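Residue numbers (this note's numbering): 632 to 789. The beta-carbon is built from N, C-alpha and C at its ideal position, and this holds for glycine as well. Predicted model, so just to flag it, every value in this text is computed and none were measured.
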């Protein structure tokens, strides 16, 4: 029984070509509200599982989130992680570890970078746990709740 409990906490990251799965996660009300600027709608979402690398983040109970990696340069990828709200508290750190493991195994030597609004302090704190460092800011680049917010750029090498 103890082994089952430990296995149920396991989180894995695997490549997915399932556009519907990714869209289901991105269109979750909480996720869409947090990633979208004022005026955005679901039609603005584009999921290309051929050009971009998408990972399904899963537990034994099913998919709990996804990650998009957009190749920007030879070994540099822009990353966007989306964990469903009901799984964040229990699985966010394990999800981060699973993603780090996947990147080390599949993209050794790469650099990941993330752009996140400065108002998303929880995301900034999460990224700091995984050694992402702030490398820049885009002042007033993101409009949310009728206010222009800074975008913080963080990166990490592998």
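Per-residue burial, residue i [other beta carbons within 10 Å of its own, 16 or more giving buried]
| i | result |
| --- | --- |
| residue 780 | buried |
| residue 671 | exposed |
| residue 748 | buried |
| residue 704 | exposed |
| residue 759 | exposed |
| residue 771 | exposed |
N-terminal and C-terminal residue of the alpha helix (DSSP H) that residue i is part of
| i | result |
| --- | --- |
| residue 651 | 650-657 |
| residue 694 | Where residue 694 is concerned, there is no enclosing alpha helix (DSSP H), although the beta strand (DSSP E) it sits in stretches over 693-704. |
| residue 675 | Residue 675 -> no alpha helix (DSSP H), and no H or E assigned at all. |
| residue 717 | 716-737 |
Residues near residue i in its chain [Cβ-Cβ closer than 8 Å; skip 5 each side]
| i | result |
| --- | --- |
| residue 695 | 642, 688, 689, 714, 715, 718, 722 and 726 |
| residue 665 | 751 |
| residue 739 | 789 |
| residue 645 | 686, 687, 689 and 733 |
| residue 773 | 668, 748, 779, 780, 781 and 782 |
Own chain partners of residue i with C-beta closer than 6 Å, once the 5 adjacent residues on each side are dropped
| i | result |
| --- | --- |
| residue 676 | 657 |
| residue 662 | 713 |
Rounded separation between residue i and residue j - CA only
| i | j | result |
| --- | --- | --- |
| residue 651 | residue 667 | 19 Å |
| residue 648 | residue 729 | 18 Å |
| residue 635 | residue 737 | At residue 635 the pLDDT is 39, less than 50, meaning the model places this residue with poor confidence; the figure from the coordinates comes in the next sentence. Rounded to whole angstroms, residue 635 to residue 737 spans 28 Å at the Cα level. |
| residue 775 | residue 783 | 15 Å |
| residue 753 | residue 746 | 13 Å |
| residue 711 | residue 744 | 9 Å |
| residue 637 | residue 720 | Any reading at residue 637 needs caution, since the residue's pLDDT is 44, under 50, leaving its predicted position unreliable; the model's value is listed next. Going from the Cα of residue 637 to the Cα of residue 720 covers about 16 Å. |
Terminal residues of the beta strand (DSSP E) in which residue i lies
| i | result |
| --- | --- |
| residue 746 | 742-748 |
| residue 686 | 684-690 |
| residue 781 | 778-788 |
| residue 773 | 764-775 |
Contact set for residue i: own chain, Cβ-Cβ below 7 Å, skip 5 residues either direction
| i | result |
| --- | --- |
| residue 659 | 715 |
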